[in-house]
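Written below as structure tokens is the structure these notes are about.
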Amino acid sequence: MPRRIPIQVAQTVGRLLQGGYLKSSPAWYDTALRYPATTVPPRAALPRPDSDLPRSLQGPTRSKALEAANQKKGRSALNSAKKMRSQLPNLRPLPIVYEADRIRRQFFRDHPWEAKRASTLVEMDYALDLDSSPEIAEGHMPELYHWSRLNPNVEDVIQCTQKTSAMGNMSLSDAYRRTLATYHAIQAEREHRIRYANYEARYLGADLGPSETDRGFVKEQRELDKWAALSGTDVAASDESNASGTPGAAERKKRVDTLFSGGQVYLSAAARSSSGQTSAPGSRAPSPPSNAPEPKKDAGETSDFLGIANALS
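Residue numbers (the numbering used here): 2 to 314.
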């Protein structure tokens with residue numbers, strides 16, 4: 002049964018008796034009606050000590066010195082209240098930032114191609130709780146080749162930068178620039194080593210296979226041969242269709258006229274096309290036979306050019 006306020010207990014029992022849920026009234030029911038319970042006063046707020054309150058809400062004993070200072074310097078109470086609100090501590094959690102993440106972010110921003118380097122995602126040989134950085138002799142600055150002389154990765158750069166910053170008592174930016182100088186020197190040395198090893202192997206007769214450029218040329222020639230084979234098949238099919246006399250496949254002949262007419266042929270062709278004639282400029286209309294009777298001309302043909310007489314007849 003839910004918790005009830007003492008005043009509402011007798012009222013709730015009375016409604017249950019009227020509704021028939023209770024057959025008889027409890028023994029305390031008449032006494033509760035005769036002497037109702039008093040209203041419970043609200044809980045009073047606990048007073049906070051002045052040391053826990055801001056200066057604007059402190060008592061006169063602690064705020065007297067502040068008011069005297071404000072009157073002496075001519076400051077208003079509103080400005081002091083704003084200042085005190087601004088001096089309250091920020092209760093939001095601070096961001097968690099690691100130096101390794103800052104160095105890694107800057108390294109990939111400067112060398113984006115390093116993100117495509119293949120890396121393993123399995124556990125390493127060494128224990129995670131042990132420091133994998135090499136031992137640096139006292140009096141010597143750490144160099145990147147102490148970690149890897151062949152091909153250092155981003156983790157080696159991070160560890161070398163942190164070690165240089167700690168041992169050299171320099172800022173993280175200066176240590177990062179010093180480590181990058183060693184990184185670029187090692188990469189240049191590695192590139193020259195690979196290049197001249199390739200030259201030496203080819204000089205001694207090693208067959209290293211086609212280069213990427215040669216492979217691209219081979220693929221391109223292969224595609225060109227496919228297109229040549231397809232185009233040859235289409236030409237042969239068109240020749241066979243022309244030889245078999247397929248309708249609509251006859252070769253179109255271009256009319257060549259060497260006579261210069263100064264544009265008269267073009268104008269006459271335009272006039273014929275506007276009048277509905279489709280004959281060529283050099284062609285003539287077929288002449289009627291000599292024994293054919295001449296058509297009779299109607300007397301009203303010249304005057305009735307709209308054809309009204311024929312419509313009325």
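Note that the Cβ used here is the ideal one computed from N, Cα and C, for glycine as well.
(request) Please name the residue, chosen from Asn199, Ala45 and Thr162, that lies closest to methionine 142 on a Cα-to-Cα basis. (result) Your numbering for residue 142 matches position 141 in the sequence shown. Of the listed residues, the one whose Cα sits closest to methionine 142 is Thr162.
(message) At a cut-off of 7 Å, would you count alanine 198 as near the ligand SAH, judging by its Cβ distance to the nearest heavy atom?
(response) Ligands are entirely absent from the displayed structure, and the ligand SAH is therefore not among its contents.
(request) Apply the 10 Å Cβ neighbour rule to valine 14 and answer buried if 16 or more other Cβ atoms are within range, or exposed otherwise. (result) As a working note, residue 14 is residue 13 in the sequence shown. Buried.
(message) Please report the distance separating the alpha-carbon of asparagine 170 from that of alanine 176.
(response) Here the question's residue 170 lines up with position 169 in the sequence shown. Here the question's residue 176 lines up with position 175 in the sequence shown. Rounded to the nearest angstrom, the two C-alpha atoms are 9 Å apart.
(request) Could you tell me the distance, in whole angstroms, from the CA atom of arginine 191 to the CA atom of leucine 173? (result) Taking the sequence shown and counting its residues from 1, one reaches residue 191 at position 190. Taking the sequence shown and counting its residues from 1, one reaches residue 173 at position 172. Distance from the CA atom of arginine 191 to the CA atom of leucine 173, rounded to whole angstroms, is 27 Å.
(request) Tell me whether the beta-carbon of arginine 118 lies closer than 8 Å to the beta-carbon of isoleucine 159. (result) Residue 118 sits at position 117 when you count from the first residue of the sequence shown. Residue 159 sits at position 158 when you count from the first residue of the sequence shown. Not closer than 8 Å, so no.
(request) Work out the CA separation of arginine 110 and leucine 209 for me, nearest whole Å. (result) If you number the sequence shown from 1, residue 209 lands on position 208. If you number the sequence shown from 1, residue 110 lands on position 109. In a straight line, the C-alpha of leucine 209 is about 35 Å away from that of arginine 110.
(request) Compute the Euclidean distance between the alpha carbons of proline 282 and leucine 260, then round it to the nearest angstrom. (result) If you number the sequence shown from 1, residue 282 lands on position 281. If you number the sequence shown from 1, residue 260 lands on position 259. Legend: pLDDT at proline 282 = 48, less than 50; position of this residue unreliable, no value from coordinates given.
(message) Spatial neighbours of glutamate 115 within its chain, please: C-beta separation below 8 Å, excluding the five flanking residues on both sides.
(response) In the sequence shown, the residue the question calls residue 115 occupies position 114. Cβ neighbours of glutamate 115 beyond the five flanking positions: Phe108, Phe109, Asn154 and Val155.
(request) Could you check if leucine 145 is buried or exposed, using at least 16 other CB atoms within 10 Å of its CB as the buried criterion? (result) Position 144 of the sequence shown, counted from the start, is the residue given in the question as residue 145. Counting C-beta atoms within 10 angstroms of its own C-beta, leucine 145 has 16 or more neighbours from the protein chains shown and is therefore classed as buried.
(message) Please report the straight-line C-alpha distance between arginine 178 and serine 166, rounded to a whole angstrom.
(response) Reading the sequence shown from its first residue, position 177 is the one you call residue 178. Reading the sequence shown from its first residue, position 165 is the one you call residue 166. C-alpha separation (whole angstroms): 11 Å.
(message) Which residue marks the beginning of the alpha helix (DSSP H) containing aspartate 60, and which one marks its end?
(response) Walking along the sequence shown from the start, residue 60 turns up at place 59. The amino acid at residue 60 is misidentified as aspartate; the sequence shows glycine. Careful: glycine 60 lies outside any alpha helix (DSSP H) and carries neither H nor E.
(request) Keeping to the same chain, check which residues put their C-beta closer than 6 Å to that of proline 7; ignore five residues upstream and five downstream. (result) Taking the first residue of the sequence shown as 1, we reach residue 7 at position 6. These residues qualify, in order along the chain: Ala38.
(request) Give the straight-line distance between the Cα atoms of alanine 250 and serine 232, rounded to the nearest whole angstrom. (result) Reading the sequence shown from its first residue, position 249 is the one you call residue 250. Reading the sequence shown from its first residue, position 231 is the one you call residue 232. Annotation note: pLDDT 48 at alanine 250 (below 50); position unreliable, no value reported.
(message) By the three-class DSSP mapping on this structure, what secondary structure does alanine 45 have?
(response) On the sequence shown, residue 45 is found 44 positions in, with the first residue counted as 1. The answer is coil: DSSP assigns alanine 45 none of H, G, I, E or B.
(message) With a threshold of 6 Å on Cβ separation, who are the neighbours of leucine 17 within its own chain once the five nearest residues in sequence on each side are excluded?
(response) As a position in the sequence shown, residue 17 is number 16, starting the count at 1. Only residues of its own chain outside the window of five on either side were considered, and among them Leu23 have a CB closer than 6 Å to the CB of leucine 17, listed in chain order.
(message) Using the Cβ count rule (16 or more neighbours within 10 Å means buried), how would you classify asparagine 152?
(response) Here residue 152 refers to the residue found at position 151 when the sequence shown is read from its first residue. With fewer than 16 Cβ atoms within 10 Å of its Cβ, asparagine 152 is classed as exposed.
(request) Rounded to whole angstroms, what's the CA-CA distance from leucine 181 to glycine 140? Just pull it up for me. (result) Taking the first residue of the sequence shown as position 1, residue 181 is located at position 180. Taking the first residue of the sequence shown as position 1, residue 140 is located at position 139. Cα-Cα distance, rounded: 21 Å.
(request) Could you tell me the distance, in whole angstroms, from the CA atom of proline 27 to the CA atom of valine 10? (result) Walking along the sequence shown from the start, residue 27 turns up at place 26. Walking along the sequence shown from the start, residue 10 turns up at place 9. If you draw a straight line from the Cα of proline 27 to the Cα of valine 10, it comes to about 12 Å.
(message) Taking the beta carbon of aspartate 157 as the centre, do at least 16 other beta carbons fall within 10 Å, making it buried, or is it exposed?
(response) By 1-based counting over the sequence shown, the position of residue 157 is 156. Result: buried.
(message) Tell me the residue span of the alpha helix (DSSP H) that contains methionine 168.
(response) In the sequence shown, residue 168 corresponds to position 167, counting from 1. Run containing methionine 168: 155 to 168, per the alpha helix (DSSP H) assignment.
(message) For alanine 46 and alanine 33, I'd like the C-alpha separation in whole angstroms.
(response) For the purposes of this step, residue 46 is identified with residue 45 of the sequence shown, where counting begins at 1. For the purposes of this step, residue 33 is identified with residue 32 of the sequence shown, where counting begins at 1. So the alpha carbons of these two residues sit roughly 31 Å apart.
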